[in-house]
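The structure appears below as structure tokens.
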């Protein structure tokens with residue numbers, strides 16, 4: 004059972020570089036989201052999607068871009084990486100907004116130098 | 013952003029002790045309350061999703077209660093074991109978009 008798959012698991016970037024974190028789920032979930040984990044601040048929502056073609060901003064969207072062309076995939080793009088984006092990123096999916104449990108990917112650790 | 017608060021921030025108990033911790037959330041417009049278990053170097057895993065006032069859920073030695081009128085939920089662990097060591101998160105779906113807002117967690121360490 005693959006569940007939610009994130010790649011890459013680790014990445015080091017230089018300031019100003021761009022990259023895409025990939026997320027795919029095989030559970031046919033409509034709801035997908037991206038969180039970042041910051042010490043002392045827990046998990047903060049970056050962007051989310053309620054279905055293919057529909058995305059919206061979460062709590063900390065600045066510097067990130069998303070798209071949802073298929074139900075399965077929800078990539079997160081860093082447009083011009085900054086040291087403040089050094090974090091662990093988690094993709095999650097659910098069958099229902101709010102009342103459905105989130106299934107998380109294994110996380111992607113990003114370091115921006 | 014609605015505040016979801018958890019206490020205590022960290023907790024050390026001896027193996028075999030029972031323990032509990034608290035999640036506080038805004039009681040207005042309640043929709044659901046989630047609990048997750050997050051082990052170091054892994055990803056969070058759902059324990060419970062609770063929707064009804066007075067609801068009580070149980071999974072093995074872990075149980076949770078919910079009071080939506082006063083805006084709190086308790087998570088209980090009976091007879092703690094070292095493998096229970098983890099961070100326990102609660103989360104509240106807020107706004108009409110039902111996005112989950114997470115508390116900062118309670119970090120539990122069970123000493124053998």
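Residue numbers (my numbering), protein chains in the order written: chain W, 4 to 116; chain R, 13 to 124.
Note that the Cβ used here is the ideal one computed from N, Cα and C, for glycine as well.
Sheet register partners of residue i (DSSP bridge)
| i | result |
| --- | --- |
| residue 32 of chain W | Residue 32 of chain W is not bridged to any residue. |
| residue 84 of chain W | Partner(s): none; residue 84 of chain W has no beta bridge. |
| residue 60 of chain R | R/47 |
| residue 19 of chain R | R/34 |
| residue 89 of chain R | R/31, R/74 |
| residue 93 of chain W | W/38 |
| residue 54 of chain W | W/57 |
Under 7 Å by beta carbon: chain R residues contacting residue i
| i | result |
| --- | --- |
| residue 51 of chain W | 111 |
Secondary structure of residue i, DSSP reduced to three states
| i | result |
| --- | --- |
| residue 94 of chain R | helix |
| residue 109 of chain W | coil |
| residue 9 of chain W | strand |
| residue 29 of chain R | coil |
| residue 45 of chain W | strand |
| residue 78 of chain W | coil |
| residue 14 of chain W | strand |
Proximal chain W residues relative to residue i, where beta-carbon distance stays under 8 Å
| i | result |
| --- | --- |
| residue 101 of chain R | 45, 46 |
| residue 61 of chain R | 102, 103, 104 |
Opening and closing residue of the beta strand (DSSP E) in which residue i lies
| i | result |
| --- | --- |
| residue 68 of chain R | 68-71 |
| residue 59 of chain W | 57-60 |
| residue 119 of chain R | 118-123 |
| residue 71 of chain W | Segment: none, residue 71 of chain W is in no beta strand (DSSP E) and carries neither H nor E. |
| residue 63 of chain W | Element bounds for residue 63 of chain W: n/a, residue is neither H nor E. |
Proximal chain R residues relative to residue i, where beta-carbon distance stays under 8 Å
| i | result |
| --- | --- |
| residue 100 of chain W | 105, 109, 110, 111 |
Amino acids of chain W, ordered along the chain, whose beta-carbon sits closer than 7 Å to that of residue i
| i | result |
| --- | --- |
| residue 44 of chain R | 101, 102 |
| residue 114 of chain R | 45, 46 |
Contact set between residue i and chain W, taken where Cβ atoms lie within less than 9 Å
| i | result |
| --- | --- |
| residue 75 of chain R | Those within 9 Å of residue 75 of chain R in chain W number zero; the least Cβ separation is about 17 Å. |
Inter-stretch contact (C-beta, 8 Å, three-pair minimum) for the segment 59-70 of chain R and the segment 60-74 of chain W: no
Assess, as a yes-or-no matter, whether the segment 25-41 of chain R is touched by the segment 84-93 of chain R under the definition of 3 or more beta carbon pairs within less than 8 Å. yes
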